[in-house]
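Asker:
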Amino acid sequence: MKNVHLLDHPLIQHKISLLRDINTDTKEFRELVQEISMLMGYEVTRDMTLKEVEIETPVGIARTKVISGKKLGIVPVLRAGLGMVDGMLQLLPMAKVGHIGLYRDPVTLQPVEYYCKMPYDVEERDIVILDPMLATGGSASVAIKYIKDKNVNNIKLMCLIASKPGIERINKDHPDVEIYCAAIDEELNDHGYIVPGLGDAGDRLFGTK
Ligand code: PRP
Ligand code: URA
């Protein structure tokens, strides 16, 4: 496995444990996904470029820094990626949000695209794709390809739980993409679910099962 950043801050690890718990209800699950996304966003944005500026304080001139350079876009993969948007927007209120609608066919496990809408200037942005689960990696791989086809050069993938096979798939299909995750699980079951994972992220976020 390469290009993987496992974010193991104690707060993130603690919240991931609560998120995995079968007894965590929909409200708490949603809050945890938002909180973890904000904490992870702090690391995912660590390489944003800065420029020096002069700021007038009440007692003098401070030579200090502000964010500059390329703007950021975030792209949740529907549905479950939606739960990660607000946490990221708390850090980056000016980020534009694109959407990619994909669902995984329950029999073939292949991703099926049903909706896509990107910011008009997506090719000028660095993009962070949001999806809580990287299972077979099929959905993330298709999402990355879609965005690459829009001439975006710098794409990061941010997920909460990644499987080893999912990471390997992204390494193979997109060796230029860095993956940020809060946990790495060994395997998938026969239905393509991450084991032990946390179950179906979309259903747990939206209370649909
Ligand atoms: C889940 C998850 C990912 C995908 C991961 O979405 O949110 O998008 O599965 O699986 P993969 O790595 O094997 O492709 P799902 O298809 O359940 O749709 P949903 O978010 O609408 O529930
Ligand atoms: N999608 C989910 O929501 N959970 C998994 O474990 C795998 C795919």
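Per this note's numbering, the sequence shown starts with residue 985, numbered consecutively.
Beta carbons: idealized from backbone N, C-alpha and C, even for Gly.
Bear in mind the structure is a predicted one, so any value in this text is a computation, not a measurement.
Can you list, in chain order, the residues of its chain with a C-beta nearer than 7 Å to that of I1058? Leave out the 5 residues immediately preceding and following it.
Answerer: Excluding positions up to five away in sequence, the list reads V1069, M1072, A1079, V1081, V1112 and L1114.
Asker: Give a single yes or no on whether M1022 has its beta carbon closer than 7 Å to a heavy atom of ligand 2.
Answerer: No, since every heavy atom of ligand 2 falls outside the 7 Å radius drawn around the Cβ of M1022.
Asker: Which term fits M985, buried or exposed, when burial requires 16 or more other beta carbons within 10 angstroms of its beta carbon?
Answerer: Flag for M985 reads exposed.
Asker: Return yes when the Cβ of G1067 is within less than 8 Å of the Cβ of Q997, no when it is not.
Answerer: Cβ distance not < 8 Å, so Q997 and G1067 don't count as in contact.
Asker: Span of the beta strand (DSSP E) holding D1110?
Answerer: It spans R1109 to L1114 - the beta strand (DSSP E) in which D1110 sits, taken as one unbroken run.
Asker: Examine the Cβ distances between the segment 1086 to 1095 and the segment 1163 to 1171 and report whether three or more of them are shorter than 8 Å.
Answerer: Contact fails: fewer than three Cβ-Cβ distances are below 8 Å.
Asker: For the beta strand (DSSP E) that contains K1148, what are its first and last residues?
Answerer: Element bounds for K1148: not the beta strand (DSSP E) but the alpha helix (DSSP H), K1148 to D1157.
Asker: Decide if A1046 is buried, meaning its Cβ has at least 16 other Cβ atoms within 10 Å, or exposed.
Answerer: Exposed, because fewer than 16 other Cβ atoms sit within 10 Å of the Cβ of A1046.
Asker: Quick one: what does DSSP say L991 is sitting in, helix, strand or coil?
Answerer: Looking at L991 - three-state DSSP - the assignment turns out to be coil, as it is neither helix nor strand.
Asker: Any idea which residues DSSP pairs R1088 with across the strands?
Answerer: In the DSSP output, where bridge partners are listed per residue, R1088 has P1095.
Asker: Any heavy atom of ligand 2 inside 7 Å of the beta-carbon of G1191?
Answerer: Because no heavy atom of ligand 2 lies under 7 Å away, the Cβ of G1191 does not count as near it: no.
Asker: At a threshold of 7 Å, does L1118 count as lining ligand 1 (C-beta to nearest heavy atom)?
Answerer: Yes, ligand 1 has a heavy atom inside 7 Å of this Cβ.
Asker: Taking a contact to mean a Cβ-Cβ separation below 8 Å, would you say S1123 touches L1062 in this structure?
Answerer: No, Cβ-Cβ distance for S1123 and L1062 is not below 8 Å.
Asker: Kindly indicate the opening and closing residues of the beta strand (DSSP E) around L1141.
Answerer: Here the beta strand (DSSP E) through L1141 covers I1139 to M1142.
Asker: Does the Cβ of G1082 lie closer than 7 Å to at least one heavy atom of ligand 1?
Answerer: The answer is no for G1082.
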